[in-house]
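K.L.:
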Amino acid sequence: MPEQARRILAVANFCSDITEWDWPEAPPRKLLYASDNPRLPQPLPRFLPPAADQALTQALTDSPHRLAADALLLQRACGLRIGELLDLELDAVIDVPGAGSWLKVPSASWTPSGWSRSTPRPSP
């Protein structure tokens, strides 16, 4: 816990204690709330360096566990969250002739229709 948070907590506890003890100098109302304490910094997730990303992709491609490896490759290609990946049905990927592969995502956070392109568009 950072020093500033400790100090705020100490003052809040002191004010609470003197109110309970009926000190005449106690503030008439609560001065500090839990929301006054600063939030602890949350580190952002780190990205994979290009070499590690290529090694992971190669390991997934060479894996003998095809269902799990293909699911993780699909997740990485489409940017799915792990929960969205786990909610997919086995027939969620369909191939549309001339349009590539498409993924039916049950989450409403994607597109209104729930369809997302799972293969890159061909360059013109």
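Anchor point for the sequence shown: position 13 equals 0 in this note's numbering, and the numbering is continuous, going up by one each time. Note that the Cβ used here is the ideal one computed from N, Cα and C, for glycine as well. Predicted, not measured: the structure shown is a model, and the values here were computed from it.
Check whether the stretch 12 to 20 and the stretch -12 to 4 touch, using three or more Cβ-Cβ pairs below 8 Å as the test.
P.N.:
yes
K.L.:
Under 8 Å: do the stretch 42 to 50 and the stretch 4 to 13 share three or more Cβ pairs, one atom per stretch?
P.N.:
The stretch 42 to 50 vs the stretch 4 to 13: no contact.
K.L.:
Just tell me which of GLU7, ILE5, LEU27 has its CA closest to the CA of GLU(-10).
P.N.:
Locating residue -10 in the sequence shown gives position 3, counting from the first residue. Answer by Cα proximity: LEU27.
K.L.:
Expressed to the nearest angstrom, what Euclidean distance is found between the alpha-carbon atoms of SER110 and ALA64?
P.N.:
Within the sequence shown, the letter at position 123 stands for residue 110. Within the sequence shown, the letter at position 77 stands for residue 64. Interpretation of SER110 is limited by its pLDDT of 49, a score under 50 that renders its predicted location unreliable; no figure is taken from the coordinates.
K.L.:
Does DSSP classify VAL92 as helix, strand or coil?
P.N.:
Locating residue 92 in the sequence shown gives position 105, counting from the first residue. DSSP places VAL92 in coil when its eight states are reduced to three.
K.L.:
Quick check on DSSP: helix, strand or coil for ASP82?
P.N.:
Within the sequence shown, the letter at position 95 stands for residue 82. ASP82 falls in the strand class under three-state DSSP.
K.L.:
Would DSSP call GLY70 helix, strand or coil?
P.N.:
Mapped onto the sequence shown, residue 70 falls at position 83. Of the three classes helix, strand and coil, the one that applies to GLY70 here is helix, per DSSP.
K.L.:
LEU90: buried (16+ other C-beta within 10 angstroms of its C-beta) or exposed?
P.N.:
Mapped onto the sequence shown, residue 90 falls at position 103. Under this definition LEU90 is a buried residue.
K.L.:
How would you write the range of the alpha helix (DSSP H) that ARG16 sits in, first residue to last?
P.N.:
In the sequence shown, counting from the first residue as 1, residue 16 sits at position 29. Note, ARG16: premise wrong, no alpha helix (DSSP H); not H, not E.
K.L.:
Could you tell me the alpha carbon to alpha carbon distance between GLY85 and GLY66, rounded to whole angstroms?
P.N.:
As a working mapping, residue 85 is identified with position 98 in the sequence shown. As a working mapping, residue 66 is identified with position 79 in the sequence shown. For GLY85 and GLY66, the gap between their C-alpha atoms comes out near 23 Å.
K.L.:
In terms of residue numbering, what span does the alpha helix (DSSP H) encompassing GLU(-10) cover?
P.N.:
Within the sequence shown, the letter at position 3 stands for residue -10. Counting along the chain, the alpha helix (DSSP H) containing GLU(-10) begins and ends at -10 to 7.
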